[in-house]
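A.B. asks: Handing you a structure now.
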RNA sequence: GGAGGGGUGGCAGAGUGGUCGAAUGCGGCGGUCUUGAAAACCGUUGAGGCUUCACGGCCUCCGGGGGUUCGAAUCCCUCCCCCUCCGCCA
């Protein structure tokens, strides 16, 4: 979310930033709308002022008993009234149109963010460790897991369809162990406060962190049957008469009618399932004014995440890489503006530390402008080496959003030296994704006989178990 | 699900049609006093927008939206959220 005034003062910087992200420059269109809005506002405020002062005079006239004057003034105000009323509608319309545009514009990249259209332009920042050597052809995680009888995609598909998995026995415990280990490190060693947060949130929370309104199709929402019925009822009330007529005349069937009506209905869900705990953790400061002394706020949570993966049809369909549901340890920092850039480096290191402890080979890449998420100005992905797949795969993504989310949430801080309350800066990162960490452990610690060696740091969480299978 | 009560400035909490953008308290800021601090006392202190070189002027905002009225924090409708009791329930 951007400050209109800032766009007004820096239209070129705004457009250049958008261009770097591959988004059509739109400062001119926005500013023209803004110009029209202000022009209208002048007229409206002028009328409001006159109305206010006349109303005050009417009050005085009535209290001093001059009814004749009061009636005369009422006549004068009547014309203004009509104009003010329609003018207020117009103002709301302007505001609605402008904010609808602003809500869908992504954040601008930092100067240091690499330019590029997609992931091929990402820049490797560092590479830690080295590829493990295998005396045999390393298998992919699902081959190993299925052979052990501990990773069951078919059972999951029977109840839930594609992109789900059932883990059993030691692999189920391994998943839990990884989550416990990671959040313990982040809380006891890196200063993050553990939180248990809602997994279902309202629209405004999703708007605050930027998942809505633009990325509705990526999200899941739970609904009670009562609420679905109510939404359908509302949609039907808004149904255009010609659709209804088409149904009555038998040109479309009931199903088509409902589908077409729903297509046009406003989306207003009871809840959304969080696609990441970033949503819940970042919204902890929404509509709050925190004391500067409390910053930085560092919070973390181990939660399930839910993603529709609408744009990823056919991609990563095998194995646990891309699931509708997975666990993740999320890190969120709330900082002052001058501390946010350094906090990004710190956060990335907090994510990397997990891989170091697990002795996994990885690299850090700076995402290019075309590959970055909606709210980010700069993102570092941490990619772990998967020998079975013979590739690096994203296991963490750490982003600094500056005040982009804070504006949407109205999250501010009170400065120690007083004055206005500026917006906070927000950062989020995974520390790490549990499912993908499990994949990395399984593939990197696999043995020739199909067993998996449990990494040292996880053994306390596995009741001392040193080996899975074999 | 049923019944009721609420949503007001950083916080607490008054305010049922006209000098109310809003009493009072706390907190914050400035000052007096003090070696210093505390206490006490005095003063000051909401946000957003439009406009102005500036001083300033004006508009909007008392959960959101709509309505009644010359005029709404105050009356009506509606939606959202919170709380209490009952029912159901992990």
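In this note's numbering, the protein residues as written are 156 to 625.
We treat Cβ as the ideally placed atom computed from N, Cα and C, and that holds for glycine.
1) For residue 580, which beta-bridge partners are listed by DSSP?
2) Taking only the alpha-carbon atoms, compute the straight-line gap between residue 413 and residue 254 and give it to the nearest angstrom.
3) Do you know offhand how far residue 589's Cα is from residue 172's?
4) In the DSSP assignment, find the unbroken beta strand (DSSP E) run with residue 452 in it and report its ends.
5) Does the separation of the CB atoms of residue 610 and residue 514 fall below 8 Å?
6) Look up residue 322 in the DSSP assignment and give the residues it is bridged to.
7) Once DSSP output is grouped into helix, strand and coil, what is the label at residue 431?
8) Should residue 627 and residue 356 be called a contact, given that it needs their Cβ atoms to be closer than 8 Å?
9) Determine, using beta carbons only, whether residue 347 and residue 450 come nearer to each other than 8 Å.
10) In this structure, what does DSSP give as the bridge partners for residue 547?
11) Can you tell me where the beta strand (DSSP E) holding residue 518 begins and where it ends?
12) Please specify which runs of the alpha helix (DSSP H), each continuous and at least 4 residues long, are wholly inside the segment 554–621, giving them in chain order.
13) For a quick check, are the C-beta atoms of residue 371 and residue 258 less than 8 Å apart?
14) With H, G and I counted as helix, E and B as strand and the rest as coil, what does DSSP make of residue 446?
15) Locate the alpha helix (DSSP H) running through residue 190, then write down its first and last residues.
16) For residue 299, which of helix, strand or coil comes out of DSSP?
17) How far does the beta strand (DSSP E) with residue 283 in it reach, from first residue to last?
18) So, at 7 Å on beta carbons, what are the nonlocal neighbours of residue 426 in its own chain, with the 5 sequence-adjacent residues on each side left out?
19) Would you report the Cα separation of residue 204 and residue 196, rounded to the nearest angstrom?
20) Looking only at its chain, what residues have a beta carbon closer than 6 Å to the beta carbon of residue 475, apart from the 5 residues adjacent to it on each side?
21) Curious, which full-length beta strand (DSSP E) runs of at least 3 residues does the segment 341–382 contain?
22) Please report how far the alpha carbon of residue 335 lies from the alpha carbon of residue 456, in whole angstroms.
23) What separation, rounded to the nearest whole angstrom, lies between the Cα atoms of residue 239 and residue 217?
24) According to DSSP, what are the bridge partners of residue 315?
25) Report yes or no: do the segment 522–531 and the segment 171–190 share at least 3 C-beta pairs separated by less than 8 Å?
26) So, are the CB atoms of residue 533 and residue 555 less than 8 Å apart?
27) Could you tell me which residues DSSP pairs with residue 481 in its beta bridges?
28) Tell me whether the segment 545–561 and the segment 403–412 touch, counting them as touching only if at least three CB pairs, one residue from each stretch, are closer than 8 Å.
29) How many angstroms separate the CA atom of residue 302 from the CA atom of residue 624?
30) In whole angstroms, give me the CA-to-CA distance for residue 246 and residue 230.
31) Could you tell me which of 234, 211, 272, 329 sits nearest to residue 619, measuring between CA atoms?
32) Would you give the residue range spanned by the alpha helix (DSSP H) that residue 529 belongs to?
33) Between 273, 352, 580, which lies nearest to residue 445 when the distance is taken from Cα to Cα?
34) Are there three or more Cβ pairs, one per stretch, closer than 8 Å when the segment 543–552 is compared with the segment 570–580?
35) If you run the structure through DSSP and keep just helix, strand and coil, what is residue 534?
36) Alpha helix (DSSP H) containing residue 243: first to last residue?
C.D. replies: Taking the geometry as given:
1) 490
2) 30 Å
3) 34 Å
4) 452–461
5) yes
6) 306
7) coil
8) Any question about residue 627 goes unanswered here, given that the chain covers just 156 to 625.
9) no
10) 540
11) 517–521
12) 559–564, 589–599
13) no
14) strand
15) 182–218
16) helix
17) 278–283
18) 355, 356, 357, 376, 377
19) 12 Å
20) 320, 590, 594
21) none
22) 11 Å
23) 23 Å
24) Answer is none; residue 315 lacks a bridge partner.
25) yes
26) yes
27) 460
28) no
29) 10 Å
30) 25 Å
31) 329
32) Here residue 529 belongs to no alpha helix (DSSP H), and DSSP marks it neither H nor E.
33) 580
34) no
35) strand
36) 222–258
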